[in-house]
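Enquirer: In this note's numbering, the protein residues as written are 106 to 347.
Sharing a structure, written as structure tokens. Questions coming.
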Amino acid sequence: MTRIGIIGSQGRMGQALQDAIADAGHEYAGGADQGDDPRELSSRADLLVDFSAPGALEANLAAAREAGIPIVIGTTGLEDTHHALIGDAASDIAVLQTGNTSLGVTLLAHLVEQAASKLGPDWDIEIVEMHHRMKVDAPSGTALLLGEAAAKGRGIDLSANSERGRDGHTGKRADGAIGFAALRGGTVAGDHSVIFAGSEERITLTHNAENRMIFARGSVKAGAWLIGRRAGRYTMNDVLGL
Numbered sequence: 106m107t108r109i110g111i112i113g114s115q116g117r118m119g120q121a122l123q124d125a126i127a128d129a130g131h132e133y134a135g136g137a138d139q140g141d142d143p144r145e146l147s148s149r150a151d152l153l154v155d156f157s158a159p160g161a162l163e164a165n166l167a168a169a170r171e172a173g174i175p176i177v178i179g180t181t182g183l184e185d186t187h188h189a190l191i192g193d194a195a196s197d198i199a200v201l202q203t204g205n206t207s208l209g210v211t212l213l214a215h216l217v218e219q220a221a222s223k224l225g226p227d228w229d230i231e232i233v234e235m236h237h238r239m240k241v242d243a244p245s246g247t248a249l250l251l252g253e254a255a256a257k258g259r260g261i262d263l264s265a266n267s268e269r270g271r272d273g274h275t276g277k278r279a280d281g282a283i284g285f286a287a288l289r290g291g292t293v294a295g296d297h298s299v300i301f302a303g304s305e306e307r308i309t310l311t312h313n314a315e316n317r318m319i320f321a322r323g324s325v326k327a328g329a330w331l332i333g334r335r336a337g338r339y340t341m342n343d344v345l346g347l
């Protein structure tokens, strides 16, 4: 039995995580939310799962390092500075960071990378995602994860080859670009499609999340896998052995 602490326990994901921890037979060590000191939580946990906010990441990583315990980071909206903090913390503890903890999405990203590699630059890639009306960041962390998978398959840098927010007279689509479209509305937990559009044919790879419990269960599975691992930075691919 693993004692799992949740950073961001009062949010919707935090509530789902508590149910997933119980379902998996682990112990809920408690939560830390805005205004709380994550170090107090880390002192009584074997593992931290962070679904809070980018601004809290530095303190959360410091708490895990001080306690010498691993941490799963599912917070989205991270920037280069945050990834640098994660890389630094991974020199001391095991850190798994991902834009999506769903096992299905992890496999989807693997398939996207393979397709992008095999089909080549003649096939245009468009990534379409839809989430509930309350989501604050776009494109979603999952959409960016899928974009990175496509870029890796092509051997290119995503940041230099992406198109977002098209509006007005944009001109023709840039050759080799990876496009993103973000839709918001209702209570959609998360829908993602990667479209490979070739000459007179298309391939669409899709994942539909029906309930955020899939992310909670994936987080708990990833956390249990992370226990006992040596210091370093891990991904959901490692959990599935991809």
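Just so you know, even glycine gets a beta-carbon here, dropped at the ideal spot from N, CA and C.
Source: prediction; values computed, not measured.
Would DSSP call A125 helix, strand or coil?
Expert: Position 20 of the sequence shown, counted from the start, is the residue given in the question as residue 125. If DSSP states are grouped into helix, strand and coil, A125 belongs with the helices.
Enquirer: Taking only three categories from DSSP, how would you classify L166?
Expert: As a first step, residue 166 must be located in the sequence shown, where it is residue number 61. Three-state result, L166: helix.
Enquirer: Return helix, strand or coil for S298, following the three-state DSSP convention.
Expert: Mapped onto the sequence shown, residue 298 falls at position 193. Annotated three-state conformation of S298 is strand, per DSSP.
Enquirer: Opposite I283 in the DSSP bridges: which residues?
Expert: The residue labelled residue 283 in the question sits at position 178 within the sequence shown. Bridge partners of I283: I230 and S267.
Enquirer: For a minimum of 3 consecutive residues, which ranges assigned as the beta strand (DSSP E) are wholly contained in the region 168 to 226?
Expert: Secondary structure within the region 168 to 226: the beta strand (DSSP E) runs of 3 or more consecutive residues, fully enclosed, are 176 to 178 and 199 to 202 (chain order).
Enquirer: Say whether the region 312 to 322 touches the region 204 to 214, bearing in mind that this needs 3 or more beta-carbon pairs closer than 8 Å, one atom from each stretch.
Expert: For the pair of segments examined, the region 312 to 322 was found to touch the region 204 to 214: the number of CB pairs separated by less than 8 Å reaches three.
Enquirer: Can you tell me whether DSSP reads I332 as helix, strand or coil?
Expert: Here residue 332 is taken as the residue at index 227 of the sequence shown, counted from 1. Looking at I332 - three-state DSSP - the assignment turns out to be coil, as it is neither helix nor strand.
Enquirer: Run through the DSSP bridge pairs and tell me what I112 is partnered with.
Expert: Mapped onto the sequence shown, residue 112 falls at position 7. Paired residue(s): A137 and D155.
Enquirer: Report yes or no: do the region 170 to 186 and the region 241 to 259 share at least 3 C-beta pairs separated by less than 8 Å?
Expert: Yes: the two stretches touch, three or more of their Cβ pairs being nearer than 8 Å.
Enquirer: Taking all protein chains shown into account, do 16 or more other C-beta atoms lie within 10 angstroms of the C-beta of D155, making it buried, or fewer, making it exposed?
Expert: As a working mapping, residue 155 is identified with position 50 in the sequence shown. Per the 10 Å Cβ criterion, buried.
Enquirer: For A314 and L162, what's the separation of their Cα atoms in angstroms?
Expert: Residue numbering aside, residue 314 sits at position 209 when the sequence shown is read from its first letter. Residue numbering aside, residue 162 sits at position 57 when the sequence shown is read from its first letter. One C-alpha to the other measures close to 26 Å.
Enquirer: So for N313, helix, strand or coil by DSSP?
Expert: By one-based count along the sequence shown, residue 313 stands at place 208. Looking at N313 - three-state DSSP - the assignment turns out to be strand.
Enquirer: In the structure shown, what three-state DSSP assignment does M235 receive?
Expert: As a first step, residue 235 is located in the sequence shown; it is residue number 130 there, counting from the start. The answer is strand: DSSP assigns M235 an E or B state.
Enquirer: So, with DSSP's three-state summary, where would you put G337?
Expert: Here the question's residue 337 lines up with position 232 in the sequence shown. Of the three classes helix, strand and coil, the one that applies to G337 here is strand, per DSSP.
Enquirer: Between D242 and A302, which are expected to be in contact by the criterion C-beta below 8 Å, what is the C-beta distance as a whole number of angstroms?
Expert: As a first step, residue 242 is located in the sequence shown; it is residue number 137 there, counting from the start. As a first step, residue 302 is located in the sequence shown; it is residue number 197 there, counting from the start. Incorrect: roughly 26 Å between the Cβ atoms, too far for contact.
Enquirer: Helix, strand or coil: how does DSSP classify G303 here?
Expert: As a first step, residue 303 is located in the sequence shown; it is residue number 198 there, counting from the start. Strand at G303.
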